[in-house]
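**Student:**
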Amino acid sequence: MKHLIPEFEKLKQRFPAGFESSLVLPCVRRIQEDRGFVADSDIDGLVEYLGVPRIQIEEVLSYYTQFRRKPIGRWHLQTCRNLSCSMCGAERLMAHLKARLGIAPGETTADGRFTFSTVECLGSCGTAPVVMVNDTYHESMSIEKLDALIAKLD
Amino acid sequence: MPGKPLIMTFPVTATSHTLADYRARGGYATLARVVAGMPQEEIVKTVTTAGLLGHGGAAFSAGRKWSVINLRDGQPHFLCANADEGEPGTFKDRWILEHAPHLLIESMLIVSYALEVRHAFVYIRGEFDLPYRRLAGAIDEAYDAGLLGEGVLGTGFALDLVAYRGAGSYVCGEASGLLSSLEGKRGYPRNRPPRLTVQGLYKRPTVVNNVETLANVTGIVANGADWYRSFGTAKCPGTQLVSISGHIAKPGVYEVEYGYPLAKFLYEDCGGMVGGRKLKALIPGGISTKVLTGAECESVTYDHQSLGAAGSSCGSGGMVAIAEGTCMVRLLQVLLRFYHHESCGQCTPCRDGTGWMHRIIDRIVAGNGRLDDLDRLLEISRRNDGTTICGMGDAAGYATVGILAKFRDEFEYWIEHGRSRCDGALEIAAHA
Amino acid sequence: MPEIFINGHPVQAEKGQTVLQAALANGFYIPYFCWHPALSIAGNCRICVVQVEGRSWCEISCNLPVTDGMRVLTDSELVRAQRKDTMQFITLNHPVDCGICDKAGECTLQDYHYAYNGAPSISREPKVTATKFHDLSDRILLDNERCILCSRCVRFTREVSKSSALGITRRGDESLLRASEDGVLDRDAYSDNVIDICPVGALLSKSFLYKARVWYLKPTPSVCPGCARGCAVDIWHRKPEWKLRALDPQQNTSIARVTPRGAQGPDGPWICNKGRDLARIFERPRATAPMVKGKPVELAAALANVRSLIAAARHPAALVSGWGSNEEFAAFRAAFGDTFRVHVKHDHRPEPGEVVEDGFLIRADKNPNVAGARAVFGVGADSPPAWHGDTDLVLVWGEGCNFADLPRGAAVVFLNAYLAPENGHADVFLPISIATERAGHYTNFEGTVQGFAACFAKPQGASDAQALFESLATVAVATP
């Protein structure tokens, strides 16, 4: 985490003075991008850097669905299961993913390649169903498109 | 186009979101006029007179919200654009963020100028990747062009703008939950009083406006209140970006002028239902607005008054069209699962009520329902209505009450027969 | 001052008050879980609803500022219905295991259930299960199923003890109270207050766990002797009428727990953890036999010995206990006049690991009544005492004296309550009572005088120091 401090310092410049607490979310996000998850030592480092209570970071990490404290697969497949996606085939997509990867939502394949999760509305209802692979939206998905996509992810 | 547009006035191209293109469309000319010395009160007055209402769901007068800010109180004021867009069915602000980020930035500069704001934020939901990159890119462009930072356009006015990313929480779309999140904490909504315009971000006066609401400001300030009032109806001026999805032939974002006939929008502009099916029901403004039956949609025009009279509202502009054959029991199950998943857990009725409703609907779907479970669902909805810190408790209830009021027979069928009358289908294939 | 009307009765409220505060201050009860007079407003439990007359809805009174002429109803039909609804929500996932819960008998949820709900649950769904017997800290056990997420404890650690040790993780009905993973709660010297302010049986004291049903206990008002602050406490012990016969009789004379005594003392409603652990101080093995040069003797013989030692002494000195009461100091002074050169003794000093002093309650002087002694004898607690060169007798009263530091060759009369090797090293040893066995007053460092009452009878063989001084006084009076 320490090597990211120069980046955090730059981030800080557009915030008013006294907004250290506000930096918790962006710093956690950046750490997670860097490491893949947020390690205990990262929390210690942030506590020291931002001067916020450790419990605040622990709360944030457990409250927001995007943050995680454990590593996951290289490719994180998140299928939206909310209304519009379900109305356009998300339930079939999820069943297909489950069968094809052999894992249930929340699990990672034994080879560490894929983690499969369900998420609530991603704001992509007009191009439902949507599957998010790491940070990228893949819209108007079908089983065929999903299979082709998975084949390309090593 | 369902009426005259205010925002979607240009063709989307590979570069239409850039500063150069925006400037070529006349962008930042209004800002230049404003910072050259437009009186602050005049801006607030113009927007108030124009009748600009919040486009995030509550439809509160933007100008009246701003007028609470005391320009001379010596405190820092904050402005925050709500780009958390998490109401299922809603993806309209995404259009502005992706295609007109500078329109939002210019508007925020104008509002910041009018309200003595030195630091402004765009709270954007964490899952939005492209919209974030577009917005962050536009902010960088604006800084480089001297439109943000110290000395905006060479004047004494200064503004710093931060694109702040959420991390996966629906209640952060509620203004006070958003500010809790912007303070780097859980997105717990806050009790009122105090109002956020009195004690908001870090207990300072803060204005939180929806992205689309703000995006309208530049046009209003540029062209005046009367110009804005020439759009829409007398009681409901302007337009609404409507995002439509579900079993509709041409889903997407449309700018609908208030007063436009709803049926015409659905059947002509959006091409009707997939596979030529009949419209069974319509969620008009995000899943927290009360559902309308297909028949009810026939005589409604798209504005606050007409939808209000029909027992629903424009909400967040997130329309979901539901075709004949869709199982409303499974549909409610999806919604109640969502509310349960997203309850922040802070206050009693929502924390316990959303989980309770979710477990009841799951039991019904599993074939173990009892007829009085439906009354129980209505009872819990009533108990959540108006008893929670934020509106989420109410919202879960509205969805439930709306669907049960109009489709109760489908629930009774499932309870009596242990299965769906519509084969449990949510998906309707386009070629069916 | 705004005038408001509660249930039609005019009430003078204070500016800036909430309806809840104004109501409670004027004798109108409104139920509350999450609100606490010493903490910020959370407004999450939703039980404190009232109805403003003319409105068709309720609002929470803890966050409703009074305005002049406001008319509120605390018991309208709508309020009663909404309270009942809220109670149904709160008990939805609560295990209702009062039969095995330490909080039973003093549980707000239990009381409110009878007062405002009284109906069985209408839910058919299984309850949400959560962690039980979770080790929140070395001292506190957490039952997440009983927790109603009122956040009082969280706010306490953020606003009062300032450790920020607690938080609520996850969300929705899976929310969990948790302690910060770096263990700051273990180091929070005020942590046990969260047990008291927990309105349900979620936070449990490990030392009190399953020890007693509270209705078999009675609180005796006392003063914490742990430092010069002198917090007003209640010492809870078995009610005499519920004396145990079958189990260990010691339980009848043990301290079950210690709690702060409301907001009447100089400490506010809080005490530190040391104050919770008075049993550790008071329940050490006791000395009960008077001795002369290490040999047990009758009290009369021991006293006779002391009398002759005092009579023979030319330069007697006394080390007066910083744990003595004002009454004992007065008795000492009345009995001995200026016979002794008096030094005030710090019986206790900070122990390794103990918080020496903080900006809140804890004082560096770990004795309850040095200020009282100073007021009577006009001397401070000098350490080490400046002995008169010819001191030939020292009366040592209480602990904390290393006999090796006493003037060489001086005879020693030792008054102590506990078993200690020094007892046998003294020329005369007299066992005395402890604060829980007698009444008296302490003067704290700010000059506040507070009384304590006896919880138990003193053990056979021990005497009150005051009685000893009085009985020895004849000698002192007879000597010119």
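Chains as they are written, first to last, in the working numbering: chain A, 1 to 154; chain B, 1001 to 1432; chain C, 2001 to 2480. Ideal Cβ positions, reconstructed from N, Cα and C, are used throughout, including at glycine. No experiment lies behind these values; they were computed from the predicted model shown.
(1) For Ala1083(B) and Trp1095(B), I'd like the C-alpha separation in whole angstroms.
(2) Near Ala1432(B), which residues of its chain fall below 7 Å by C-beta distance, leaving aside the five closest residues on each side in sequence?
(3) Since Val2052(C) contacts Gln2082(C) with CB under 8 Å, what's their CB separation in whole angstroms?
(4) Between Asp2102(C) and Phe2208(C), is the Cβ-Cβ spacing less than 9 Å?
(5) Trp1356(B) to Ile2006(C), Cα distance in whole Å?
(6) Along the alpha helix (DSSP H) that carries Leu2217(C), what are the first and last residues, could you check?
(7) Looking at Pro2260(C) and Ala2287(C), is the spacing between their C-beta atoms short of 9 Å?
(8) By a C-beta neighbour count over all protein chains shown, 10 Å radius and 16 as the cutoff for buried, is Trp2236(C) buried or exposed?
(9) From the DSSP output, in three-state form, read off Asp2464(C) for me.
(10) Under three-state DSSP, which class holds Thr2288(C)?
(11) Quick check on the DSSP output: the alpha helix (DSSP H) that includes Phe2414(C) runs from which residue to which?
(12) Are the beta-carbon atoms of Thr1197(B) and Val1211(B) separated by less than 9 Å?
(13) Of the residues Arg1382(B), Thr1348(B) and Leu1130(B), which one's Cα is nearest the Cα of Arg2046(C)?
(14) Name the chain B residues whose beta carbon is nearer than 8 Å to that of Phe114(A)?
(15) Count the other CB atoms within 10 Å of the CB of Pro2120(C); is the residue buried (16 or more) or exposed (fewer)?
(16) Below 7 Å CB to CB, which residues in the same chain sit around Phe2539(C) once its five sequence neighbours on both sides are set aside?
(17) Based on Cα-Cα distance, which residue from Tyr64(A), Cys27(A) and Ile5(A) lies nearest to Ser1343(B)?
(18) Counting only the same chain and skipping the five closest in sequence on each side, list residues whose C-beta sits under 6 Å from that of Ala2042(C).
(19) Quick one: what's got a C-beta closer than 7 Å to Gln2466(C)'s C-beta in the same chain, skipping five residues either side?
(20) So, does the CB of Glu59(A) fall closer than 9 Å to a CB anywhere in chain C?
(21) For Ala2478(C), collect the residues of the same chain with a Cβ closer than 6 Å to its Cβ; drop the 5 residues on either side in sequence, then sort them by chain order.
(22) Answer with yes or no whether the minimum CB distance from Ala2476(C) to chain A is below 9 Å.
(23) Starting from Ser21(A), find everything on chain C with Cβ-Cβ shorter than 8 Å and list it in chain order.
(24) Got a sec: which bits of the stretch 2134-2165 of chain C sit with their beta carbon under 9 Å from any beta carbon on chain A, in order along the chain?
(25) Just the C-alpha distance for Asn2182(C) and Pro53(A), rounded to the nearest angstrom, thanks.
(26) Are the C-beta atoms of Cys2058(C) and some chain B residue less than 9 Å apart?
(27) Have a look at Gly2372(C) and Val2223(C) and give me their C-alpha separation to the nearest angstrom.
(28) What residue range is occupied by the uninterrupted alpha helix (DSSP H) comprising His1417(B)?
(29) Give me the subset of the stretch 34-51 of chain A whose CB atoms are less than 7 Å from a CB atom of chain B, sorted by chain position.
(30) For chain B, is any of its Cβ atoms less than 9 Å away from the one on Cys2045(C)?
(31) How many Å lie between Asp1362(B) and Arg1383(B) at the Cα?
(32) Can you tell me which of the three DSSP states Arg2124(C) falls into?
(33) May I ask you to list, following chain order, the residues of the stretch 1078-1112 of chain B that have a beta carbon less than 8 Å from some beta carbon of chain C?
(34) Do you know offhand how far Glu2450(C)'s Cα is from His2441(C)'s?
(35) Find the nearest neighbour of Asn1368(B) within the set Trp1414(B), Lys1045(B) and Arg1351(B), judged by alpha-carbon distance.
**Tutor:** According to the structure shown:
(1) Each residue's Cα considered, the two are about 11 Å apart.
(2) Note that Ala1432(B) scores a pLDDT of 47, beneath 50, so its modelled location is shaky; the value from the coordinates is reported in the next line. Closer than 7 Å at Cβ, skipping near neighbours: Gly1275.
(3) Here Val2052(C) is actually not in contact with Gln2082(C); their C-beta atoms are around 13 Å apart, not less than 8 Å.
(4) Taking 9 Å as the Cβ cut-off, Asp2102(C) and Phe2208(C) qualify as a contacting pair.
(5) Approximately 35 Å between the Cα atoms of the pair.
(6) From DSSP, Leu2217(C) is part of no alpha helix (DSSP H) but of the beta strand (DSSP E) over Leu2217 to Val2223.
(7) Ala2287(C) places its beta carbon 9 Å or farther from that of Pro2260(C).
(8) By the neighbour-count rule (16 or more Cβ atoms within 10 Å), Trp2236(C) is buried.
(9) In this structure, Asp2464(C) counts as coil in the three-state DSSP scheme.
(10) The answer is coil: DSSP assigns Thr2288(C) none of H, G, I, E or B.
(11) Element bounds for Phe2414(C): not the alpha helix (DSSP H) but the beta strand (DSSP E), Ala2411 to Asn2416.
(12) With respect to the 9 Å criterion, Thr1197(B) and Val1211(B) are not classified as neighbours on the basis of their beta carbons.
(13) Ranking Arg1382(B), Thr1348(B) and Leu1130(B) by Cα distance to Arg2046(C) puts Thr1348(B) first.
(14) Those within 8 Å of Phe114(A) in chain B number zero; the least Cβ separation is about 19 Å.
(15) Pro2120(C) should be labelled exposed.
(16) Outside the shown range of chain C, which is 2001 to 2480, sits residue 2539(C), and nothing can be said about it.
(17) Distance check between Ser1343(B) and each of Tyr64(A), Cys27(A) and Ile5(A) places Tyr64(A) closest, using alpha-carbon atoms only.
(18) Sequence-distant Cβ neighbours of Ala2042(C) in its own chain, meaning closer than 6 Å and more than five residues away, are Cys2034 and Ser2151.
(19) Closer than 7 Å at the Cβ level, and outside the excluded window around Gln2466(C), lie Glu2327, Glu2328 and Ala2331.
(20) Look at Glu59(A): its C-beta is under 9 Å from a C-beta on chain C.
(21) Any reading at Ala2478(C) must be qualified, since the residue scores a pLDDT of 45, below 50, and its modelled position is unreliable; no value is offered.
(22) Because the pLDDT of Ala2476(C) is 49, which lies under 50, any placement of that residue in the model is unreliable, and the number read from its coordinates should be weighed accordingly. For Ala2476(C), the answer is no, since every Cβ of chain A falls outside 9 Å of its Cβ.
(23) Within chain C, not a single residue places a beta-carbon under 8 Å from that of Ser21(A); the smallest gap is close to 12 Å.
(24) So the list reads Val2154, Thr2157, Arg2158, Ser2163, Ser2164 and Ala2165, given in the order they occur along the chain.
(25) As written in the sequence, residue 2182(C) is Asp, which differs from the Asn given in the question. As the crow flies, the alpha-carbon of Asp2182(C) is around 10 Å from that of Pro53(A).
(26) Answer yes: the Cβ-Cβ gap between Cys2058(C) and chain B drops below 9 Å somewhere.
(27) Cα to Cα, the separation comes out at about 14 Å.
(28) Met1392 to His1417 is the extent of the alpha helix (DSSP H) around His1417(B).
(29) Flagged: no residues at all.
(30) Chain B places a beta carbon closer than 9 Å to that of Cys2045(C), counting this residue as a contact.
(31) A direct Cα-to-Cα measurement between Asp1362(B) and Arg1383(B) gives close to 20 Å.
(32) For Arg2124(C), the secondary structure class from DSSP, reduced to helix, strand or coil, is coil.
(33) For the stretch 1078-1112 of chain B, which is checked against every Cβ of chain C, not one residue is closer than 8 Å.
(34) The residue you asked about is not Glu; residue 2450(C) is Gln in the sequence shown. Those two C-alpha atoms are separated by around 5 Å.
(35) The residue with the shortest Cα to Cα distance from Asn1368(B) is Trp1414(B).
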